[in-house]
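Note sheet for the following structure.
As structure tokens, then:
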């Protein structure tokens with residue numbers, strides 16, 4: 001993810017961001033450093049203070065009990081449970097297929113010279129599960145299930161104390177060994193350094209807001225991390241065949257995650273660019289999450305007009321978006337031109 005506010009040759013802005021994420025992150029860095037230091041030194045006591053300050057939560061015990069897990073599972077709507085188990089099965093199937101390709105290796109390069117590698121599961125992994133604003137049931141599935149398939153010894157999940165109880169059920173169904181109601185940077189600190197309640201882990205995975213993302217960046221070294229995935233980000237690449245309503249819906253579906261989410265459209269069609277701009281504003285007028293989505297769209301939303309398809313690809317490669325969507329005439333063929341992204345969604349319905 002790089003700076004998207006500079007317009008390289010061949011790119012002009014129909015809508016440019018009003019704020020710069022790099023500059024905006026300076027206060028976040030300082031606050032996160034303070035949180036990490038306090039939790040490292042004072043453990044549960046500091047976690048309680050930050051939970052009260054940021055989440056308005058005062059918990060005597062952070063860990064979710066067996067009874068709480070069972071109650072959350074019992075409350076889950078039958079269709080939601082069926083959908084969750086369906087998603088878990090599919091993620092597990094893919095993770096198992098991935099694991100089957102990661103094989104041990106031993107080779108004798110010269111007589112008596114043996115080289116190789118072994119694939120060894122990590123002892124303990126911490127999965128941060130966002131969902132303080134809305135129940136994001138995909139979040140625990142995407143991190144906990146692959147860890148269990150990999151053979152991780154113990155999987156710890158942390159989620160905001162005000163998260164919907166369905167999220168506890170999601171963590172349970174996904175296979176979390178222990179679940180803690182701790183959110184934000186204090187959760188990352190607790191998993192990285194350990195507290196009286198939370199065991200220290202070897203690696204922290206999972207997305208989150210700017211504070212979670214910054215905390216992961218700062219603890220990297222003492223523990224491993226997967227990647228810096230937050231605040232969330234989505235860019236769409238489209239030609240004149242793009243559907244303005246669908247693109248606007250996709251952008252706002254990501255923009256509602258956090259007021260610092262970055263969303264954007266890069267297109268070769270000025271007509272589509274104008275239509276998407278109008279459609280976003282129209283949908284914001286009735287969107288129930290507009291109090292968040294409108295802020296992220298205003299501050300970080302981008303609509304970039306590319307002179308040529310090659311310029312569109314070059315600008316996308318420079319941005320290296322976390323989520324990248326392709327809405328072009330031949331999306332499968334177009335996708336072969338792209339290398340720099342976190343995840344790629346090919347076609348209008350992806």
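Numbering (the numbering used here), first residue to last: 1 to 350. Glycine included, each C-beta is placed from N, C-alpha and C at the ideal position. The structure presented is a predicted model; accordingly, all values stated were derived computationally and were not measured.
Ordered along the chain, which non-local residues of its own chain (more than five positions away) have a Cβ less than 6 Å from that of residue i?
i	result
residue 72	165, 168, 169
residue 126	156, 191, 201, 204
residue 264	235, 302
Can you tell me whether residue i is buried or exposed, with buried defined as 16 or more other CB within 10 angstroms of its CB?
i	result
residue 339	exposed
residue 260	buried
residue 36	buried
residue 343	exposed
residue 233	buried
residue 104	exposed
residue 193	buried
residue 34	exposed
residue 172	buried
residue 262	buried
residue 62	buried
For residue i, which residues in the same chain have their Cβ closer than 7 Å to its Cβ, ignoring the five residues on either side in sequence?
i	result
residue 92	145, 149
residue 244	272, 275, 276, 279
residue 289	256
residue 346	326, 331, 332, 335
residue 438	Because the chain spans 1 through 350 in this model, residue 438 falls outside it and cannot be assessed.
Any idea which residues DSSP pairs residue i with across the strands?
i	result
residue 238	267, 327
residue 179	157
residue 262	233
residue 63	180
residue 12	305
residue 224	203
For residue i, which residues of its own chain have a beta-carbon under 8 Å away from its beta-carbon, when the five flanking residues on both sides are left out?
i	result
residue 337	313
residue 88	141, 145, 173, 174
Out of the options, state which residue places its alpha-carbon closest to the alpha-carbon of residue i.
i	options	result
residue 197	40, 31, 80	40
residue 162	152, 181, 154, 172	181
residue 214	187, 239, 78, 237	187
residue 55	185, 66, 179, 124	185
residue 14	287, 53, 266	266
residue 310	59, 237, 113, 60	237
Can you tell me whether residue i sits near the ligand PLP, meaning its C-beta is under 7 Å from at least one heavy atom of the ligand?
i	result
residue 167	Annotation note on the ligand PLP: not contained in the displayed structure, which lists no ligands.
In chain order, each alpha helix (DSSP H) run of at least 4 residues that lies wholly inside the segment 282-346
Runs of the alpha helix (DSSP H) inside the segment 282-346: 290-300, 309-319, 331-335.
May I have a chain-ordered list of the beta strand (DSSP E) segments no shorter than 3 residues that lie completely inside the segment 103-162?
The segment 103-162 contains these whole beta strand (DSSP E) runs: 105-110, 113-117, 124-128, 154-159.
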